[in-house]
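Listed in order, the protein sequences are those of chains U and A.
FYI, in this note's numbering the residues of the first sequence are 7 to 560.
FYI, in this note's numbering the residues of the second sequence are -12 to 339.
Ideal Cβ positions, reconstructed from N, Cα and C, are used throughout, including at glycine.
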Amino acid sequence: MSLEEPDPTDAVPAATSADAMEALVSEHVLSRDDHLNAPGYVVRPDAVQDTLSTLRTEAGLDHLSCVTAQEYEDRYESIYHLKSYDDPTHEASVVVPTPKDDPRSQTAEPVFRTADWHEREAYDLVGIEYEDHPDPRRILLPETWQGHPLSLNYDQERPQIVPLSEHANPLQDDQRGDEGETMFLNIGPHHPATHGVLHLKTTLDGEQVVDVDPDIGYLHRCEEQICQNGTYRYQIMPYPDRWDYISAGLLNEWAYARAIEDMAEIEVPEYAQVIRTLGAELCRIAAHMLAIGTFALDVYGDFTAIFMYAVRDREKVQNILEDLTGQRLMFNYFRLGGVVWDLPEPREDFFETIRDFLDDLPQALEEYHDLISQNEILQVRTVDTGVLPPEVAKSYGATGPVARGSGIDYDLRRDDPYGYYDELDWDVVTDDGCDNYSRLFVRLRELEESAKIIEQCVDLLEDWPEDNRTIQSNVPRTIRPEDDAEIYRAVEGAKGELGIYLRSDGTEKPARFKIRSPCFSNLQTLPEMSNGEYIPDLVASLGSLDIVLGEVDR
Amino acid sequence: MKASWVLLQNGNATGNATNATAGGVARPPSAPLADSIAGMLGLDGAVAGPWAKRKITAAFTDRIAVNRVGPFGLLIIVADAVRLLSKELIVPDGVDRPAWDIAPIVIPFSALLGFAVIPFGSGLQLADPETGLVFAFAAASIASLGVVMAGYASNNKYSLLGGLRAIASNIAYEIPLIVTAASVVIFAGTLQMSEIVAVQQQTLIEIGGVAIPQWFAFVNPFAFALFILANLAEIGRNPFDIPEAPTEIVAGFQTEYSSVYFVLLYLGEFIHIFLGGALAAALFLGGPSGPVLPGFVWFYIKMWAFFLFTQWARSAVPRLRVDQFLDAGWKGMLVLSFANLVLTAILVGVIV
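See the structure below:
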């Protein structure tokens, strides 16, 4: 745990207990529907904005972490998972049931900007409509899609062939208005700087961006539905590796592991926690290396040495992870209650490899700072561009290096500790610049902190008594959490808060499996950062967000 | 490439005519000479593009690069030529046909034309008109026209943005480049390339028996640095690869070109780099002069050194944003180049 004590002036407003919060919004609360992680307040569909804004201002719940939509036999339900940026363990859920025949609910967008995309997704996949939503379109599926795939009566056999006339033709004729000086430009889905299949509908005035509208969903693989069809015990764990596939696999696995372990009350042996922490931080280094390298590509042009250097250093981490897990990308190393196997033998060699890497890292970082953060041209390019003020970042639910680059001191590893993090000595890096440079700089500094954590883990593991190396606790072969238990749990992924909402229905498979992707929320801030700036800054901002489309689209 | 060769010879002829009227020593026009110089440059481009560039970039980025075909991977040049030339030439819908086809010829041709007046040393110089330096810059600037044609005619918004960037930035680097070169002209007192080179052979200072020649890079290192910087912009390399700017506007003006047209554009870019290097060598680095080795070889070494420098910049220097580049051009390079010109003029006026 960081030695920094939380600043007492940051203390959240008084109403932090479940009952105190309920009293605040008592006029709207119909009943309680508590989740395992947080109190849940059931409110009427027309009281969403009132409830959320009261909780936001009076109870300090200023982070709309996630919106989960789901359909029951008798109703639809939207769940707003609220947290506090100052203290993420201070949580509450606002549950909004809507009737089957008229699933309409008030939008939360005026209170939290991030609700925009989350509610679009809820509409797209589940079919709940949000009144007064500023942009009620589908988000992940094509606009012509028929039906809502996560609704109960969805017919999977139904053909999705839609007449051409109902498609918006991507190759429309030129449209020239008589007035207006703007130009519409499609950036992506195939563009060197979109880091995957992202499509930015951009309106330009000369070279300046007037408006940018990210179009996502090209990489939507129904990850939530896949997980809902898998058993808790064995079949879900391979999939998290495929969300943020930029070597952040173990961090993703941990998100699922944490949610289900808390739900099914599975203990994790201390030894396994240390190994998990070690592996997760190695993944973070690998992910940040790639983020830094590709950011350099975006700003320098495509023949830059920095990218190759970053990939070279990432390669060393990948080799270590391969030694540990047997895989280079899709690790599948965590198990419920621990990890799948112990450290590779001979252990001394393994520790030696890690120590060699850690010994070389300061020199490598110095080189990166010489090449990137100390470079005056890069500073001219990135300082004061893509500005994301902290208030805006919070409203969009930005987390991870994006939030920390805007001066928001929010890191679940410290604020909502899990694993072995609270036993170790490390710091949360923040920077008040709020610009592209800050986000880059935060990532560079976080490499150092991750290295510190790894070093301490190696020290611990080296001296770990041989008779106490339990890698997995005793977990039943089949896990059936009790009926209708709900939990939302998050870990600090490479890109930010990676959360999982689980609802059980008494079977061995989850009834609802919702992934809160940090990239999804972070990408939403792109228009805020880019409108009014130049195309190169748009590209740099996109690079500084460090999105992975596999995680955005799931 | 036939057209450009003919025009090169025309350039040769005019050059001789100018010489004749000025009473200079006219070298007989020689078709084989023109052919061999054009061929040499074509070879330079061929070696630089598919092979040297890869090897140099690889060295900067800790890689090995081409090493499979032939010694040091050199035969990749043949393989790449066959590959590129045998690809389908895709003509996108709605391109502005004559302009779209002419642009990939204009760009390499303009660079080749500039070489007509470059003194390679060892007697290799196609033409030596009194206005040689002006001619070289005039020819090189035609490339901007080609870029604009390509950008505008491609019927692609990224190409258009590239073309617009090329226009917007043109004056920002072209004027500083020429004004800096003009300071050399004030020193040398002539625009004739052979004379400018000859002036630089005189001894500037003698240190321990070693005569340091009066290369203008030694006489005025500031002008040399400014010239190299503006030159980077002229040839469109980092930090000034604004009209192409991959990762921002895909490939700028050349986004829609494939197959032979792409080869021509690519070749044109490399010949432009060499022209930039040749001008720097002739104006500031004493042209073909150097110890032991023949002049021609020295000239080549200097040209390739400049090429190496551009590739270095490409590997290590971030790209400026287009408006920042215009700022740097108008408020920085332009002011400095005029200051340099005025100071040079005063100094030369006082000394001479």
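Reduced DSSP secondary structure (H/G/I, E/B, other) of residue 279(U): Residue 279(U) sits at position 273 when you count from the first residue of the first sequence. Residue 279(U) falls in the helix class under three-state DSSP.
Near-chain U residues of the stretch 110 to 133 of chain A (beta-carbon distance less than 9 Å), N- to C-terminal order: Per Cβ criterion, the list is empty.
is_contact[residue 447(U), chain A] using C-beta, thresh 9 Å: For the purposes of this step, residue 447(U) is taken as residue 441 along the first sequence, with counting starting at 1. With respect to chain A, the C-beta atom of residue 447(U) has no partner C-beta closer than 9 Å.
Residue range of the unbroken beta strand (DSSP E) whose run includes residue 75(U): Counting from 1 along the first sequence, the entry for residue 75(U) is found at position 69. Segment 69 to 77, the beta strand (DSSP E) holding residue 75(U).
Inter-residue Cα distance where the pair is residue 470(U) and residue 277(U): In the first sequence, residue 470(U) corresponds to position 464, counting from 1. In the first sequence, residue 277(U) corresponds to position 271, counting from 1. Each residue's Cα considered, the two are about 8 Å apart.
Inter-residue CB distance, residue 364(U) and residue 286(U) (contact presumed, cutoff 8 Å): For the purposes of this step, residue 364(U) is identified with residue 358 of the first sequence, where counting begins at 1. For the purposes of this step, residue 286(U) is identified with residue 280 of the first sequence, where counting begins at 1. The pair is not a contact, with the Cβ atoms about 16 Å apart (cut-off 8 Å).
Anticipated Cβ contact below 8 Å, residue 130(A) with residue 316(A), distance rounded: Along the second sequence, read from residue 1 onward, the residue named residue 130(A) stands at position 143. Along the second sequence, read from residue 1 onward, the residue named residue 316(A) stands at position 329. Incorrect: roughly 17 Å between the Cβ atoms, too far for contact.
Residues bridged to residue 496(U) [DSSP beta-bridge criterion]: Indexing the first sequence from 1 puts residue 496(U) at position 490. DSSP lists 505(U) as partners of residue 496(U).
Chain A residues whose Cβ lies nearer than 7 Å to that of residue 383(U): Residue 383(U) sits at position 377 when you count from the first residue of the first sequence. Residues of chain A passing the Cβ test: 226, 304, 305 and 307.
Helix, strand or coil at residue 488(U) according to DSSP, with G and I counted as helix: Indexing the first sequence from 1 puts residue 488(U) at position 482. Residue 488(U) falls in the coil class under three-state DSSP.
Any chain A beta carbon closer than 9 Å to residue 252(U): What you label residue 252(U) is simply residue 246 of the first sequence in a count that begins at 1. Chain A contact via Cβ: absent.
Host alpha helix (DSSP H) of residue 296(A) (start-end): Along the second sequence, read from residue 1 onward, the residue named residue 296(A) stands at position 309. Its alpha helix (DSSP H) spans residues 282 to 303.
Range covered by the alpha helix (DSSP H) that runs through residue 180(A): By one-based count along the second sequence, residue 180(A) stands at place 193. Where residue 180(A) is concerned, the enclosing alpha helix (DSSP H) stretches over 180 to 186.
Beta carbon proximity, residue 328(A) to chain U, threshold 9 Å: Taking the second sequence and counting its residues from 1, the one referred to as residue 328(A) is at position 341. Taking Cβ atoms only, chain U never reaches closer than 9 Å to residue 328(A), which makes this a no.
Contact with chain U by residue 311(A), beta-carbon distance below 9 Å: On the second sequence, residue 311(A) is found 324 positions in, with the first residue counted as 1. Cβ-Cβ to chain U under 9 Å: yes for residue 311(A).
Separation of residue 135(U) from residue 234(U), as counted between CA atoms: Counting from one through the first sequence, the residue named residue 234(U) turns up at place 228. Counting from one through the first sequence, the residue named residue 135(U) turns up at place 129. Residue 234(U) and residue 135(U): Cα-Cα distance of roughly 23 Å.
Buried/exposed call for residue 23(U), threshold 16 Cβ in 10 Å: Sequence index remark: in the first sequence, residue 23(U) carries index 17 (1-based). So residue 23(U) ends up on the exposed side.
Where residue 198(A) falls: helix, strand or coil (DSSP): Mapped onto the second sequence, residue 198(A) falls at position 211. DSSP places residue 198(A) in strand when its eight states are reduced to three.
Any chain A beta carbon closer than 9 Å to residue 400(U): One-based indexing of the first sequence puts residue 400(U) at position 394. Residue-level contact by beta carbon fails for residue 400(U) and chain A, as no gap is shorter than 9 Å.
Cβ neighbour criterion (16 or more within 10 Å) applied to residue 392(U): Locating residue 392(U) in the first sequence gives position 386, counting from the first residue. Classification for residue 392(U): buried.
Residue 235(A) at chain U interface by Cβ criterion, 9 Å: For the purposes of this step, residue 235(A) is taken as residue 248 along the second sequence, with counting starting at 1. At least one chain U Cβ lies under 9 Å of residue 235(A).
C-alpha distance - residue 399(U) paired with residue 129(U), whole-angstrom precision: Against the first sequence, residue 399(U) aligns to sequence position 393. Against the first sequence, residue 129(U) aligns to sequence position 123. In a straight line, the C-alpha of residue 399(U) is about 24 Å away from that of residue 129(U).
Cα-Cα separation between residue 77(U) and residue 491(U), rounded to whole angstroms: Here residue 77(U) refers to the residue found at position 71 of the first sequence. Here residue 491(U) refers to the residue found at position 485 of the first sequence. Going by the C-alpha atoms only, they are around 15 Å apart.
Exposure label - residue 9(A); buried when at least 16 CB within 10 Å: For the purposes of this step, residue 9(A) is taken as the residue at position 22 of the second sequence. Reliability fails at residue 9(A), whose pLDDT of 40 lies under 50, so the model's placement of it is uncertain and the value that follows must be treated cautiously. Taking all protein chains shown into account, residue 9(A) has fewer than 16 neighbouring C-beta atoms within 10 Å of its C-beta and is therefore exposed.
Identity of the residue in 300(U), 153(U) and 70(U) nearest residue 446(U) by Cα: Your numbering for residue 446(U) matches position 440 in the first sequence. Per the Cα distances, 300(U).
Residue environment, residue 441(U), which counts as buried when at least 16 other CB atoms sit within 10 Å: For the purposes of this step, residue 441(U) is taken as residue 435 along the first sequence, with counting starting at 1. Per the 10 Å Cβ criterion, buried.
Short-range partners of chain A found in the stretch 192 to 214 of chain U, where Cβ spacing is below 7 Å: 197, 198, 199 and 213
Range covered by the beta strand (DSSP E) that runs through residue 519(U): Mapped onto the first sequence, residue 519(U) falls at position 513. Per DSSP, residue 519(U) belongs to the beta strand (DSSP E) from 516 to 522.
Contact under 9 Å by Cβ, residue 288(U) with residue 222(U): On the first sequence, residue 288(U) is found 282 positions in, with the first residue counted as 1. On the first sequence, residue 222(U) is found 216 positions in, with the first residue counted as 1. Their beta carbons are not under 9 Å apart, which means residue 288(U) does not touch residue 222(U) by this criterion.
Closer than 9 Å to chain A by CB, residue 377(U): By one-based count along the first sequence, residue 377(U) stands at place 371. Yes - at least one Cβ of chain A is within 9 Å of the one on residue 377(U).
Proximity of residue 71(U) and residue 89(U) at Cβ, strictly below 9 Å: Position 65 of the first sequence, counted from the start, is the residue given in the question as residue 71(U). Position 83 of the first sequence, counted from the start, is the residue given in the question as residue 89(U). Contact: yes.
Residue 269(U) (DSSP reduced to helix, strand or coil): Stepping through the first sequence from its first residue, residue 269(U) is reached at position 263. Helix.
Contact set between the stretch 529 to 558 of chain U and chain A, restricted to residues whose Cβ is under 8 Å from the partner: Here the close residues are 540, 541, 542, 543 and 545.
Coil, strand or helix - residue 8(A) by DSSP: The residue labelled residue 8(A) in the question sits at position 21 within the second sequence. With a pLDDT of only 38 at residue 8(A), under 50, the local geometry of the prediction cannot be trusted, and the value read off the model is given with reservation. Three-state result, residue 8(A): helix.
Beta-carbon proximity of residue 239(A) to residue 301(A), cut-off 9 Å: Translated into the one-based positions of the second sequence, residue 239(A) becomes position 252. Translated into the one-based positions of the second sequence, residue 301(A) becomes position 314. No, they are not a contact pair.
Assigned exposure category for residue 225(U) - 16 Cβ within 10 Å defines buried: Working through the first sequence from its first residue, we reach residue 225(U) at position 219. So residue 225(U) counts as buried.
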